[in-house]
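*Asks:* Quick one: structure below, then a few questions.
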Amino acid sequence: MTAQIIDGKAFAEGLRGRVGTLAASFAAAAGRKAGLAVVLVGEDPASQVYVRNKGKQTLACGMESFEHRLSAETSEADLLALVDTLNADPAVDGILVQLPLPAHMDEQKVIAAIDPDKDVDGFHVINAGRLAVGLPGFVPCTPLGCVMLLKDRLGSLAGLDAVVIGRSNIVGKPMAQLLIQESCTVTVAHSRTKDLPEVVRRADIVVAAVGRPEMVKGEWIKPGATVIDVGINRVPAAEDGKTRLVGDVDFASASAVAGAITPVPGGVGPMTIAVLLRNTLVAAHRNAGIDLPQDAL
Ligand code: NDP
2 MTAQIIDGKA FAEGLRGRVG TLAASFAAAA GRKAGLAVVL VGEDPASQVY
52 VRNKGKQTLA CGMESFEHRL SAETSEADLL ALVDTLNADP AVDGILVQLP
102 LPAHMDEQKV IAAIDPDKDV DGFHVINAGR LAVGLPGFVP CTPLGCVMLL
152 KDRLGSLAGL DAVVIGRSNI VGKPMAQLLI QESCTVTVAH SRTKDLPEVV
202 RRADIVVAAV GRPEMVKGEW IKPGATVIDV GINRVPAAED GKTRLVGDVD
252 FASASAVAGA ITPVPGGVGP MTIAVLLRNT LVAAHRNAGI DLPQDAL
């Protein structure tokens, strides 16, 4: 079997298109554009690329982008003061503090300072709690993007066996919660799981969010399963001195067995910013008291 490729790039482009259309009607109704504030502390090169892309895509969707770049030496108190200002600013619907923060800052404390109703990354404990009990709130962008891809491919996920490899707060745990909401039977695997290949072999849906290059092998995959590869790992390329991106799944062997699979790059990765823009638009509607049609996004 040769798996169908799940084209996250194309899906994300479609989602950004829908966000753009609704952002224009929001601006007309509210008399202002939806606004996303992104805070970057320090000069981490990967974070700089993410922040630049977020800014560009926010503007391209017809929303306001507010970028705050602070030096790596900024004190935690100054960052918290900026978060307070953004919480109080009516032009700002969503706030994202780019992680990781410099070592002298307490990430949990900074995330806890964000108004949960502007926490478009969905990392605040209030939003984690809302997700756990099934209340509306903001869901972390990457796992929400994965569920969108799964539903687009499979329709209803009810009754399917899903294995999520990884239990981080930003991917694994919210992914498992979302799949429970979709009525999957969910297993969460991690570094202490016994016989991971056997656990994965039971799954109709495999979500790999581990951070280990090409760890999940084709022989672990049940024939026809849908494989979502969240991993982004930079490894040395064949040419001297060059690098390339690979996922947590060994694409060559897994794509020979799976029914469908996300590639790396071009699978889950592009979904994250598109869902961030979606979450920001949802926040804007809530903040302005304007209805957003159910399932519009
Ligand atoms: P974390 O490092 O926070 O979590 C990794 C998880 O994998 C942990 O739960 C860990 O288990 C588990 N794990 C580690 N080794 C093994 C193993 N040998 N067998 C089984 N489980 C193992 O990573 P993140 O969740 O933040 O990210 C995971 C991957 O997803 C990374 O490659 C990251 O770059 C990528 N990512 C991609 C995004 C995107 O596409 N936009 C966004 C976010 C992340 P334990 O808890 O026991 O330590």
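Residues are numbered in my numbering as their position in the sequence shown, beginning at 1, plus a constant of 1. From the three backbone atoms N, C-alpha and C, an ideal C-beta is built for every residue, glycine too.
(1) Quick check on the DSSP output: the beta strand (DSSP E) that includes Glu240 runs from which residue to which?
(2) Of the residues Ala28, Leu97, Leu155, which one's Cα is nearest the Cα of Leu52?
(3) Restricting to runs no shorter than 4 residues, where is the alpha helix (DSSP H) found entirely within the region 136-215?
(4) Cα separation between Gly225 and Thr263?
(5) Sort Met216, Val121, Thr188 by Cα distance to Ile171 and report the nearest one.
(6) Please classify Ser256: is it buried, with 16 or more other beta-carbons within 10 angstroms of its beta-carbon, or exposed?
(7) Consider the C-beta atom of Asn280 and the heavy atoms of the ligand NDP; say whether any pair is separated by less than 8 Å.
(8) Does Glu68 come out as helix, strand or coil in the three-state DSSP assignment?
(9) In its own chain, which residues sit with a C-beta less than 7 Å from the C-beta of Arg17, not counting the 5 before and 5 after it?
(10) So is the beta-carbon of Val207 under 8 Å away from any non-hydrogen atom of the ligand NDP?
(11) Closest to Leu80 by C-alpha separation, out of Ser66, Gln109, Leu60, Asp94, would be which residue?
(12) Starting from the C-beta of Pro214, find all residues in its chain whose C-beta is less than 6 Å away, skip the five residues before and the five after it, and write them out in chain order.
(13) So, are the CB atoms of Leu180 and Val165 less than 9 Å apart?
(14) Assign Gln5 to one of three DSSP states: helix, strand, or coil.
(15) State the CB to CB distance for the pair Glu77 and His105, rounded to an integer number of angstroms; the pair is presumed to be in contact (CB under 8 Å).
(16) Going by beta carbon distance, what residues of the same chain come within less than 7 Å of Leu100, once the five residues before and after it are set aside?
(17) Sorted by chain position, which residues of the same chain lie with C-beta nearer than 7 Å to Ser48's C-beta, five sequence neighbours on each side aside?
(18) State the DSSP-derived secondary structure class of Leu100, mapped to helix, strand or coil.
(19) Are Thr281 and Asp85 close, meaning C-beta to C-beta below 9 Å?
(20) Let me confirm a value: Ala190 is counted as buried when at least 16 other C-beta atoms fall within 10 Å, else exposed. Which label applies?
(21) Under three-state DSSP, which class holds Gly36?
*Replies:* Judging by the given coordinates:
(1) Glu240 -> no beta strand (DSSP E), and no H or E assigned at all.
(2) The amino acid at residue 52 is misidentified as Leu; the sequence shows Val. Taking only the C-alpha atoms, the option nearest Val52 is Leu97.
(3) 142-155, 173-182, 197-202
(4) Spanning the alpha carbons of Gly225 and Thr263 requires a straight line of approximately 14 Å.
(5) Taking each of Met216, Val121, Thr188 in turn and checking the Cα distance to Ile171, the smallest one comes out for Val121.
(6) buried
(7) Not one heavy atom of the ligand NDP falls within 8 Å of the beta-carbon of Asn280.
(8) Strand, per DSSP.
(9) Gln58, Cys62, Ala275, Leu278
(10) no
(11) Gln109
(12) Asn234, Val236, Val247
(13) For Leu180 and Val165, yes; Cβs fall inside 9 Å.
(14) strand
(15) 7 Å
(16) Glu108
(17) Within the same chain, Leu41, Gln99 come within 7 Å of Ser48 by CB-CB distance, once the 5 residues on both sides are set aside.
(18) coil
(19) no
(20) Only buried fits Ala190, as 16 or more other CB atoms lie within 10 angstroms of its CB.
(21) Gly36: strand per DSSP, three-state reduction.
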